[in-house]
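Going by our numbering, the first residue of the sequence shown is number 8, and it counts up by one from there.
The C-beta atom is built at its ideal place from N, Cα and C for all residues, glycine as well.
Structure first, then comments.
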Amino acid sequence: MINYNGSSYCLILAIDGNRKALDYYEDLARQGKKKSGIPFSSQRGTFICSEGIKICPYNEIFQESVLEDYSSLSDNKVQSHYTFMIEGSFQLVTNRNSISEASNQILKQEEFLKKIKNFLDKAWNDSQIFRELIERIGRQISDAKTDTQVKQFNQSKEYFLGRDFFHILDFPQKKEQKFFCPIPGEEQGLGALYTLLHYLVPDHSPYIRFWLRPLSFSAQGLDSLALDFSTHKVDNPEQLKGLEYKYLFTTEETFNHPLVITDQIICWEFDSLLEPGQSISDGNYIGEVVFPANDPKLQEIGDKITNIKNQYSSCHNNDVIVISLKELIPKTFNCDWHKGYLTLKGNKKKRRGKSKP
Numbered sequence: 008m009i010n011y012n013g014s015s016y017c018l019i020l021a022i023d024g025n026r027k028a029l030d031y032y033e034d035l036a037r038q039g040k041k042k043s044g045i046p047f048s049s050q051r052g053t054f055i056c057s058e059g060i061k062i063c064p065y066n067e068i069f070q071e072s073v074l075e076d077y078s079s080l081s082d083n084k085v086q087s088h089y090t091f092m093i094e095g096s097f098q099l100v101t102n103r104n105s106i107s108e109a110s111n112q113i114l115k116q117e118e119f120l121k122k123i124k125n126f127l128d129k130a131w132n133d134s135q136i137f138r139e140l141i142e143r144i145g146r147q148i149s150d151a152k153t154d155t156q157v158k159q160f161n162q163s164k165e166y167f168l169g170r171d172f173f174h175i176l177d178f179p180q181k182k183e184q185k186f187f188c189p190i191p192g193e194e195q196g197l198g199a200l201y202t203l204l205h206y207l208v209p210d211h212s213p214y215i216r217f218w219l220r221p222l223s224f225s226a227q228g229l230d231s232l233a234l235d236f237s238t239h240k241v242d243n244p245e246q247l248k249g250l251e252y253k254y255l256f257t258t259e260e261t262f263n264h265p266l267v268i269t270d271q272i273i274c275w276e277f278d279s280l281l282e283p284g285q286s287i288s289d290g291n292y293i294g295e296v297v298f299p300a301n302d303p304k305l306q307e308i309g310d311k312i313t314n315i316k317n318q319y320s321s322c323h324n325n326d327v328i329v330i331s332l333k334e335l336i337p338k339t340f341n342c343d344w345h346k347g348y349l350t351l352k353g354n355k356k357k358r359r360g361k362s363k364p
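Right, dumping it as structure tokens:
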């Protein structure tokens, strides 16, 4: 028995293994047999009772942070090994098959949950069976999560080797080295590839101005602070440029950073529907996408966002350069491109059936 806010509650915990319960609870229904009409599975886990009547399951209570040590009790497989009842004068909804919102709030109060934790802590200390159940299930859940993560990791390694890749032939010592292409959702990989290749760019390349030197990579705000290719001494904040990575550059979505702090966007490819004159917005400022005729080098590999202003006619004097790394690489280096297994598999044509006479 526990007391909370002037009311008394009863906590009842019964532990019996799944096999034992199946063998000895003969009056409860199970698959293939009909006796009481009460399914065996509906008697297992955590329940709320009011005035001696079992009302509804409440396994989600173990998702509360106060009961973190016993979170494994919310697992479906664990519930078959125990019954835990929380009994009190709980208010119910009209059809009496669930508790009211006021009762639900009581069950979420930290002080009430602490009393339940104290009860379970005592069961942990007093009952070897309960302690072994928590420890064993905890290990099983941990092992299952680890197995899933290992499987996902091994699968990602196999998929990675199936990507498109390219060789850079300008350096004899590196011409056999594969550079793998990024895939959607891998902005970090795109930024890493751009950063790596920056250090291989020849000083005489006509596209050298598009290769900024990233100095940082951030998970919040703009992805990188960067310098112009030819800048080596850093002693003024005005030298730093804002650099953002996008796998796909499109005007269909709101740009997720202020355009006024972005100097250059590196994407892998452009939306096939992108056309000059389309607008792109960051939620406050809006700009116009153009393919500048007076900059043929930029036209070959990207575009520019210009005429950036907000609804109050406040204008941003700088433009944002947008570069496709997929187009910039072959313009800067002598490359040999290869389709990966996944691309070839995706391009596999269906066999044509024989035409009927």
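Q) Looking at C-alpha atoms only, which residue of F47, L203, Q98, E71 is the closest neighbour of I62? A) By 1-based counting over the sequence shown, the position of residue 62 is 55. The option with the nearest alpha carbon to I62 is Q98.
Q: In the DSSP assignment, find the unbroken alpha helix (DSSP H) run with W344 in it and report its ends.
A: Counting from one through the sequence shown, the residue named residue 344 turns up at place 337. Per DSSP, W344 belongs to no alpha helix (DSSP H); it is in the beta strand (DSSP E), 342-345.
Q | F137 - containing alpha helix (DSSP H), residue span | A | The residue labelled residue 137 in the question sits at position 130 within the sequence shown. It spans 135-167 - the alpha helix (DSSP H) in which F137 sits, taken as one unbroken run.
**Q.** For A21: DSSP bridge partner residues
**A.** The sequence position of residue 21 within the sequence shown is 14, counting from 1. Answer is T90, bridged to A21.
Q. From E276 to T155, what distance separates their C-alpha atoms?
A. Mapped onto the sequence shown, residue 276 falls at position 269. Mapped onto the sequence shown, residue 155 falls at position 148. C-alpha separation (whole angstroms): 33 Å.
Q.
Less than 8 Å between C-beta atoms, sequence neighbours within five positions excluded: which residues of the same chain meet that for K311?
A. On the sequence shown, residue 311 is found 304 positions in, with the first residue counted as 1. Only V296, V297, F298, P299, D302, L305, D326, V327, I328, V329 meet the Cβ criterion.
Q: Whole angstroms is fine: what's the gap from N66's alpha carbon to K121's?
A: Counted from its first residue, the sequence shown places residue 66 at position 59. Counted from its first residue, the sequence shown places residue 121 at position 114. Those two C-alpha atoms are separated by around 16 Å.
Q: Identify which residue in Q50, S15, N12 has its Cα closest to the Cα of N25.
A: What you label residue 25 is simply residue 18 of the sequence shown in a count that begins at 1. Closest by alpha carbon: Q50.
**Q.** Per-residue burial, V241 [other beta carbons within 10 Å of its own, 16 or more giving buried]
**A.** Translated into positions along the sequence shown, residue 241 becomes position 234. Under this definition V241 is an exposed residue.
Q.
Run through the DSSP bridge pairs and tell me what E75 is partnered with.
A. As a first step, residue 75 must be located in the sequence shown, where it is residue number 68. E75 is not bridged to any residue.
Q. How many Å lie between S105 and D133 at the Cα?
A. One-based indexing of the sequence shown puts residue 105 at position 98. One-based indexing of the sequence shown puts residue 133 at position 126. Straight-line Cα distance between these residues: approximately 32 Å.
Q. Touch check for the region 161-176 and the region 330-343: three-plus C-beta pairs under 8 Å?
A. These segments touch.
Q: Take the Cβ of Q195 as the centre, count every other Cβ of all protein chains shown within 10 Å, and call the residue buried at 16 or more, exposed below.
A: Along the sequence shown, read from residue 1 onward, the residue named residue 195 stands at position 188. Q195 should be labelled exposed.
Q) Taking the continuous alpha helix (DSSP H) assigned at K365, which residues delimit it? A) Residue 365 cannot be examined here, being either before or after the span of the chain that is shown, 8 to 364.
(Q) Taking a contact to mean a Cβ-Cβ separation below 8 Å, would you say G169 touches G347 in this structure? (A) Stepping through the sequence shown from its first residue, residue 169 is reached at position 162. Stepping through the sequence shown from its first residue, residue 347 is reached at position 340. Going by C-beta atoms, G169 is nearer than 8 Å to G347.
Q: Reducing DSSP to helix, strand and coil, say where Y11 ends up.
A: Translated into the one-based positions of the sequence shown, residue 11 becomes position 4. Reduced to three states, the DSSP call for Y11 is strand.
**Q.** V327 in three-state terms, based on DSSP
**A.** Taking the first residue of the sequence shown as 1, we reach residue 327 at position 320. In this structure, V327 counts as strand in the three-state DSSP scheme.
Q) Terminal residues of the continuous alpha helix (DSSP H) containing K333? A) The sequence position of residue 333 within the sequence shown is 326, counting from 1. K333 -> alpha helix (DSSP H) spans 332-339.
Q. Taking the Cβ atom as the reference point for each residue, do A226 and L250 lie within a distance shorter than 8 Å?
A. By 1-based counting over the sequence shown, the position of residue 226 is 219. By 1-based counting over the sequence shown, the position of residue 250 is 243. For A226 and L250, no; Cβs fall outside 8 Å.
Q.
If you reduce the DSSP assignment to three classes, tell me which class P191 lands in.
A. Position 184 of the sequence shown holds residue 191. Here P191 sits in coil by DSSP.
Q | Simplified DSSP assignment, three categories, for K363 | A | Counted from its first residue, the sequence shown places residue 363 at position 356. Summary for K363: the model assigns pLDDT 46, below 50, so the residue's position carries little reliability, and this model does not support an answer.
**Q.** Cα-Cα separation, N102 to M92
**A.** The sequence position of residue 102 within the sequence shown is 95, counting from 1. The sequence position of residue 92 within the sequence shown is 85, counting from 1. Roughly 21 Å between the two C-alpha positions.
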